[in-house]
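Chains as they are written, first to last, in my numbering: chain W, 34 to 384; chain E, 34 to 384.
Structure below.
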């Protein structure tokens, strides 16, 4: 069975190894060596760490431990949720732009209506979502904050989406990977009631890969657990060991990371302002500015910038928004400053 | 979309946490804390470890680095191989008994003919494989050594399977997770030519989870890489860091593990002999003895043994062989001896 390449993954696989400065990824820089104590790291199944991580996560959704399934990152969380929630005779409403895997997998597994958010503010059109919802709708798929636009949905919007899903006997499934970077987060979809699920991981807010989760109703989590036996069996003991420590030190680590992206967001905003480029001030670690005039697409702009300056962004083309590009500013401030200087000079040259 | 529970996984999830002695798993005990140096463990994508592990693995199949894809364990390797090789209009010949995920996923993705091996020796019936192969056959799915029977396929059998696949313009895909425990291994399917693939991981031979791989023709590996963008994105930097060290110290670690299973195999054989139970002397760390008389099935036997002795085996029921059970003897010798003593007393009581 063939599937379309996930363009952003292929983009980074192709260009990131040789780029001097990568400013297109979706989360904060990884923790430095020595951040965690690995001297007692164990291997093998069913560790204390696994139970501790599940119970920590469950408590924040006001759910029980068995209503949380650990996954190998948010990718697997999305895959398992969609496998559990969709069927060929079912319909999903997918809020776009969103990550390509979420949109492509939904379309492969069920019948999809997309509801696209538009610039400049990328807000959710609740009337359009209501109109797209049908009797056979099983799922509304959203994200908060949204990758790549950086848009944060407020509490009223999340609750309205939940009500639309519940009224249709459907589920609201929300990708909340970036939630840890929000200082005053709106409610999680998984905490709103029996029709709400959240997927998350530690990549965006902690810079840690391969520990994700699904939190939601027992029937969906149980179906996802069955599927997980066929995909990976769950995250490794080692990644779970690190995740436990990260969650135990969450206040300290996230305070640092929130301060980092707050400082960096201001730096990016200043550069974009000076260059006359628009973005909707993002929540989290990614923003989605408009492509400067004179370039045929985000891809054309990003490739030429890379060739001339060795700075790598991510084109919006990959998610069907060819006139925008993603800038990831979860990197350290010095790297960001150098990258933005080169962007500024590039824009001056091509003004 | 619903899928049948992977019975063995659910079995261990249900019973292993409370069992005193688990003798049903498929590999050697995990390495002890401190086996690996984690002081320089890094996080994040595209590390040196990833390139080193791929190139080490590629060299043993006489393939290039890009003909090896790292996966989150052999489960994901099997899933991605089958997604890449099968389609609704294609046919697979699946050699059984084999792991339930391999058989169930093949049947879900394509049209399957199973060719079952039989006790006492569980040998491959090459004529039956030839007969099952049709013009639309895209895949012959095998394992070597076979889980759960412990049967080792010799070089002539692997080559004959490869020829049958190649003659049908199909692929031979072989689960070789247990290969590291074989002292004089037959050729890998991935080293036989353009129609051969191998999947493997470090679970059975090293006791390490979540680092697996696919080695094979570039077109299949490339399709699997596209699918991986939608499943996990690949193993974590941390698991890859450990895998690099495990492969660098392979001779030392595998010598130990081969000696362990050799010693343990003899212990198990003596107990089974004394109890009058048959098995085909296995290669690797699992064996598949016949269920003692007087029990309705492997499940009934294993449940009663667990209740009375707190020793856990795995029933063959999960793979459609209800009159056998799997014993995993990759544990430390003391644990094994205690478990076998309890088995012996149980059998005496029920003789």
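Glycine residues also receive a C-beta, built at the ideal position from the N, C-alpha and C atoms. As the structure is a prediction and not an experimental result, all values here were calculated from the model.
_Boundaries (first-last residue) of the beta strand (DSSP E) holding residue 358 of chain E_ = Within the second chain, numbered from 1, the residue matching residue 358 of chain E stands at position 325. Its beta strand (DSSP E) spans residues 358-361.
*Which residues mark the beginning and the end of the alpha helix (DSSP H) in which residue 44 of chain W is found?*
Against the first chain, residue 44 of chain W aligns to sequence position 11. Per DSSP, residue 44 of chain W belongs to the alpha helix (DSSP H) from 40-48.
*Which class does residue 116 of chain E belong to by DSSP, given the choice of helix, strand or coil?*
On the second chain, residue 116 of chain E is found 83 positions in, with the first residue counted as 1. DSSP, reduced to helix, strand and coil, places residue 116 of chain E within a helical segment of the structure shown.
*What does residue 120 of chain W touch in chain E if you count any residue whose Cβ is under 7 Å from its own?*
Along the first chain, one-based indexing puts residue 120 of chain W at 87. In chain order: 34.
*Going by the CB atoms, is the gap between residue 128 of chain W and residue 86 of chain W shorter than 9 Å?*
Numbered from 1 along the first chain, position 53 holds the residue referred to as residue 86 of chain W. Numbered from 1 along the first chain, position 95 holds the residue referred to as residue 128 of chain W. Not a contact, by the Cβ cut-off of 9 Å.
*Look at the alpha carbon of residue 358 of chain W and the alpha carbon of residue 45 of chain W, and state the distance between them as a whole number of angstroms.*
Walking along the first chain from the start, residue 358 of chain W turns up at place 325. Walking along the first chain from the start, residue 45 of chain W turns up at place 12. Their backbone Cα atoms lie some 14 Å apart in a straight line.
*Note down, one range per segment and in chain order, each alpha helix (DSSP H) of at least 4 residues found wholly within the stretch 98-167 of chain E.*
106-118, 133-142, 159-165
*First and last residue of the alpha helix (DSSP H) that includes residue 316 of chain E?*
Here residue 316 of chain E is taken as the residue at index 283 of the second chain, counted from 1. Per DSSP, residue 316 of chain E belongs to no alpha helix (DSSP H) and is neither H nor E.
_Which of helix, strand or coil DSSP assigns to residue 377 of chain W_ = One-based indexing of the first chain puts residue 377 of chain W at position 344. Reduced to three states, the DSSP call for residue 377 of chain W is helix.
*residue 94 of chain E (DSSP reduced to helix, strand or coil)*: Position 61 of the second chain holds residue 94 of chain E. Residue 94 of chain E falls in the coil class under three-state DSSP.
*Would you call the stretch 93-100 of chain E and the stretch 295-308 of chain E touching, i.e. three or more CB-CB distances under 8 Å?*
no
*Is there contact between the stretch 258-272 of chain W and the stretch 333-344 of chain W, where contact requires at least three CB pairs shorter than 8 Å?*
no
*Quick one: list the residues of chain W neighbouring residue 79 of chain E, beta-carbon separation under 9 Å, in chain order.*
Along the second chain, one-based indexing puts residue 79 of chain E at 46. Listed along the chain, the chain W residues whose CB falls inside 9 Å of the CB of residue 79 of chain E are 45, 46, 49, 50.
*asked:* Does the contact criterion of 3 or more C-beta pairs under 8 Å hold for the stretch 307-320 of chain W versus the stretch 360-370 of chain W?
replied: yes
*Does DSSP classify residue 55 of chain E as helix, strand or coil?*
Within the second chain, residue 55 of chain E is the residue found at index 22, counting from 1. Residue state, collapsed to three classes: strand.
*So, is residue 47 of chain W buried or exposed, given that buried needs 16 or more other C-beta atoms within 10 angstroms?*
For the purposes of this step, residue 47 of chain W is taken as residue 14 along the first chain, with counting starting at 1. Classification for residue 47 of chain W: exposed.
*Give the range of the alpha helix (DSSP H) segment to which residue 287 of chain W is assigned.*
Along the first chain, read from residue 1 onward, the residue named residue 287 of chain W stands at position 254. Counting along the chain, the alpha helix (DSSP H) containing residue 287 of chain W begins and ends at 283-308.
*When DSSP labels each residue in this structure, what does residue 344 of chain W get in the three-state scheme?*
For the purposes of this step, residue 344 of chain W is taken as residue 311 along the first chain, with counting starting at 1. Strand, per DSSP.
*Going by CA-CA distance only, name the one from E/163, E/130, E/112 that's closest to residue 141 of chain E.*
The residue given as residue 141 of chain E occupies position 108 in the second chain. Of the listed residues, the one whose Cα sits closest to residue 141 of chain E is E/112.
_Sub-9 Å separation of residue 28 of chain W and residue 248 of chain W beta-carbons_ = Nothing can be reported for residue 28 of chain W: it is not among the residues displayed for chain W, which extend from 34 to 384.
*asked:* Using CA atoms only, rank isn't needed, just tell me which of W/204, W/178, W/198, W/350 is closest to residue 328 of chain W.
replied: As a first step, residue 328 of chain W is located in the first chain; it is residue number 295 there, counting from the start. Of the candidates W/204, W/178, W/198, W/350, the one whose C-alpha sits nearest the C-alpha of residue 328 of chain W is W/350.
*With distances taken Cα to Cα, identify the nearest neighbour of residue 18 of chain W among W/354, W/277, W/243.*
Any answer about residue 18 of chain W is impossible in this case: the structure gives chain W only from 34 up to 384.
_To the nearest angstrom, how far is the alpha carbon of residue 278 of chain W from that of residue 200 of chain E?_
Counting from 1 along the first chain, the entry for residue 278 of chain W is found at position 245. Counting from 1 along the second chain, the entry for residue 200 of chain E is found at position 167. Taking the straight line from one Cα to the other gives about 54 Å.
_8 Å CB neighbourhood of residue 161 of chain W in its chain, flanking five on each side removed_ = Position 128 of the first chain, counted from the start, is the residue given in the question as residue 161 of chain W. So the qualifying residues of the chain are 148.
*Using a Cβ-Cβ cut-off of 9 Å, state whether residue 116 of chain E counts as contacting chain W.*
Locating residue 116 of chain E in the second chain gives position 83, where the first residue counts as 1. Using beta-carbon distances, residue 116 of chain E counts as an interface residue toward chain W, with a partner under 9 Å.
*List the residues that DSSP assigns as beta-bridge partners of residue 246 of chain W.*
Position 213 of the first chain, counted from the first residue, corresponds to residue 246 of chain W. W/103, W/233.
*Taking only beta-carbon atoms, is residue 290 of chain W less than 9 Å away from chain E?*
For the purposes of this step, residue 290 of chain W is identified with residue 257 of the first chain, where counting begins at 1. Taking Cβ atoms only, chain E never reaches closer than 9 Å to residue 290 of chain W, which makes this a no.
*Could you tell me whether the stretch 213-231 of chain W touches the stretch 177-193 of chain W, where touching means 3 or more Cβ pairs closer than 8 Å?*
yes
_So with CB distances below 7 Å, who are the chain W contacts of residue 101 of chain E?_
What you label residue 101 of chain E is simply residue 68 of the second chain in a count that begins at 1. By Cβ distance, chain W contributes nothing, its closest Cβ being about 15 Å from residue 101 of chain E, past 7 Å.
*Pull up the CB-CB distance for residue 134 of chain W and residue 353 of chain W, whole angstroms please, since I reckon it's below 8 Å.*
Counting from one through the first chain, the residue named residue 134 of chain W turns up at place 101. Counting from one through the first chain, the residue named residue 353 of chain W turns up at place 320. Residue 134 of chain W to residue 353 of chain W, Cβ: 14 Å. No contact.
*Interface partners of residue 297 of chain E on chain W, CB under 7 Å*: On the second chain, residue 297 of chain E is found 264 positions in, with the first residue counted as 1. Near residue 297 of chain E there are no residues of chain W at all, since even the closest Cβ is about 17 Å away, more than 7 Å.
*Taking all protein chains shown into account, do 16 or more other C-beta atoms lie within 10 angstroms of the C-beta of residue 104 of chain W, making it buried, or fewer, making it exposed?*
In the first chain, the residue the question calls residue 104 of chain W occupies position 71. Flag for residue 104 of chain W reads buried.
*In three-state DSSP terms, what is residue 205 of chain E?*
As a first step, residue 205 of chain E must be located in the second chain, where it is residue number 172. Correct three-state label for residue 205 of chain E: strand.
_Nearest-angstrom Cα separation, counted from residue 300 of chain W out to residue 220 of chain E_ = Walking along the second chain from the start, residue 220 of chain E turns up at place 187. Walking along the first chain from the start, residue 300 of chain W turns up at place 267. A direct Cα-Cα distance of roughly 58 Å separates residue 220 of chain E from residue 300 of chain W.
*Residues of chain W with a CB under 7 Å from the CB of residue 134 of chain E: which are they?*
Position 101 of the second chain holds residue 134 of chain E. What residue 134 of chain E touches in chain W: 262, 263.
*Identify the contact partners of residue 345 of chain W in chain E, using a Cβ-Cβ distance below 8 Å as the criterion.*
Looking up residue 345 of chain W in the first chain gives position 312. Going along chain E, no residue has its Cβ under 8 Å from residue 345 of chain W, so there is no contact; the nearest lies around 12 Å.
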